[in-house]
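A.B. asks:
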Amino acid sequence: MPSTPPPRPRVLYVTDLAYPARGRRYGDEDIALTSRLREDFDLALCHPLDAASLMDGFDAVVVRNSGPVLGYQEEYDAFRERAIRTGARVYNQLSGRADMAGKQYLLDLSAAGFPVIPTVDRVEDLHRLPRTDHYVVKPKRGADSIGLEIVPAERLPALADGSVLVQPCVEFSYEVSFYFVDHDFQYALHAPDTEQRWRLEPYEPTPADLEFAQRFVDWNGIDHGVQRVDACRAPDGELLLVELEDLNPYLSLEALDDARRDAFVAALTASLRRFVRT
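Note that the sequence shown covers residues 1 to 278 in our numbering.
What follows is the structure, given as structure tokens:
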């Protein structure tokens, strides 16, 4: 008698298809990506507010374009607590040290001498920042530029109370993002026009660029998941980290050609297969 094929892994894919992201179409990306993943997994989509109540019936929970957690912090905390308590497999792994845990990592990396935009959070540390006419102030728990302000230097003493990050306004040539599955580089995109940061084009990184991005992925230590390293090219040519997105990075798959998109889907599929066998 022919052998019965093993059951396909069951995946709960968490997304907010209707989230109104500026310059991005969350729903389109997730519909296209799940249509490919269904070839290898039994897959169901759910809103982030429903994830905690549905997750028990699946082999893995994939958190994708679920929107800023600020909009549902209590529910997200309950989801994390339940996942950790029950041992649920969540992809990305919940051990991330970067945006998944807030913005404290920018302070830690800056203090440790990593190539990061200089960052402080208190008045007594403002002297550590380069002097400039304007500074960026953003909440430590912020996301998607929510709460971000650009302010003159004289306002900083009243704002730097430990609850916000303060950075100099950096004049940069362009922004570039590096996309990884697990610890493996997949592709890079950049925004050649600084006024249109979501009009992305393929970017061919140099060995030095890849070494820069890999350093942050290795520091974060996520073995299973998708990460995006966002950087800017400073006037002296150095890359500086802007953000390490390790919770639900938008992938901008529409900016890729078919070959690169197929390669990414293959890498993600292989990663998920390894993850559900862990």
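Think of the CB as a built atom: it goes at the ideal place given N, C-alpha and C, for glycine as much as any other residue.
Would you kindly work out how many angstroms separate the C-alpha atoms of Asp257 and Asp77, rounded to a whole number?
C.D. replies: Your numbering for residue 257 matches position 257 in the sequence shown. Your numbering for residue 77 matches position 77 in the sequence shown. About 37 Å.
A.B. asks: If we count the other Cβ atoms within 10 Å of its Cβ and call it buried at 16 or more, is Gln186 buried or exposed?
C.D. replies: Translated into the one-based positions of the sequence shown, residue 186 becomes position 186. By the 10 Å Cβ count, Gln186 comes out buried.
A.B. asks: What does DSSP give as the partner residues of Tyr13 in its beta bridges?
C.D. replies: Mapped onto the sequence shown, residue 13 falls at position 13. In DSSP, Tyr13 forms a bridge with Leu45 and Val62.
A.B. asks: Check the DSSP bridge columns for Pro152 and list the partner residues they point to.
C.D. replies: One-based indexing of the sequence shown puts residue 152 at position 152. According to DSSP, which records beta bridges pairwise, Pro152 is partnered with His134.
A.B. asks: Does DSSP put Arg22 in a helix, in a strand, or in coil?
C.D. replies: Locating residue 22 in the sequence shown gives position 22, where the first residue counts as 1. Correct three-state label for Arg22: coil.
A.B. asks: Report the residue from Leu70, Tyr203, Val120 and Phe264 whose alpha carbon sits nearest the alpha carbon of Asp99.
C.D. replies: Indexing the sequence shown from 1 puts residue 99 at position 99. Per the Cα distances, Leu70.
A.B. asks: Measuring only the C-alpha atoms, how far is Pro249 from Val226?
C.D. replies: Locating residue 249 in the sequence shown gives position 249, counting from the first residue. Locating residue 226 in the sequence shown gives position 226, counting from the first residue. In a straight line, the C-alpha of Pro249 is about 7 Å away from that of Val226.
A.B. asks: Answer with buried or exposed for Glu254, where buried requires no fewer than 16 other C-beta atoms within 10 angstroms of its C-beta.
C.D. replies: Position 254 of the sequence shown, counted from the start, is the residue given in the question as residue 254. It is exposed - the Cβ of Glu254 has fewer than 16 other Cβ atoms within 10 Å.
A.B. asks: Could you pull the start and end residues of the beta strand (DSSP E) that Phe180 belongs to?
C.D. replies: Here residue 180 refers to the residue found at position 180 when the sequence shown is read from its first residue. That run of the beta strand (DSSP E) goes Glu175 to Val181.
A.B. asks: From what residue to what residue does the alpha helix (DSSP H) around Val276 run?
C.D. replies: Here residue 276 refers to the residue found at position 276 of the sequence shown. First-last of the alpha helix (DSSP H) with Val276: Asp258 to Arg277.
A.B. asks: With DSSP as the reference, please indicate the residues paired to Val120 in a beta bridge.
C.D. replies: As a position in the sequence shown, residue 120 is number 120, starting the count at 1. In DSSP, Val120 forms a bridge with Val166.
A.B. asks: Could you check if Ser35 is buried or exposed, using at least 16 other CB atoms within 10 Å of its CB as the buried criterion?
C.D. replies: Locating residue 35 in the sequence shown gives position 35, where the first residue counts as 1. Flag for Ser35 reads exposed.
A.B. asks: If you compare alpha carbons, which of Arg8, Ala231, Gly96 and Leu107 is closest to Asp209?
C.D. replies: Numbered from 1 along the sequence shown, position 209 holds the residue referred to as residue 209. Checked all of Arg8, Ala231, Gly96 and Leu107; the closest Cα to Asp209 is Ala231.
A.B. asks: Quick one: using the 10 Å Cβ neighbour count with 16 as the cut-off for buried, is Arg228 buried or exposed?
C.D. replies: For the purposes of this step, residue 228 is taken as residue 228 along the sequence shown, with counting starting at 1. The residue in question, Arg228, is buried, as its Cβ has 16 or more Cβ neighbours within 10 Å.
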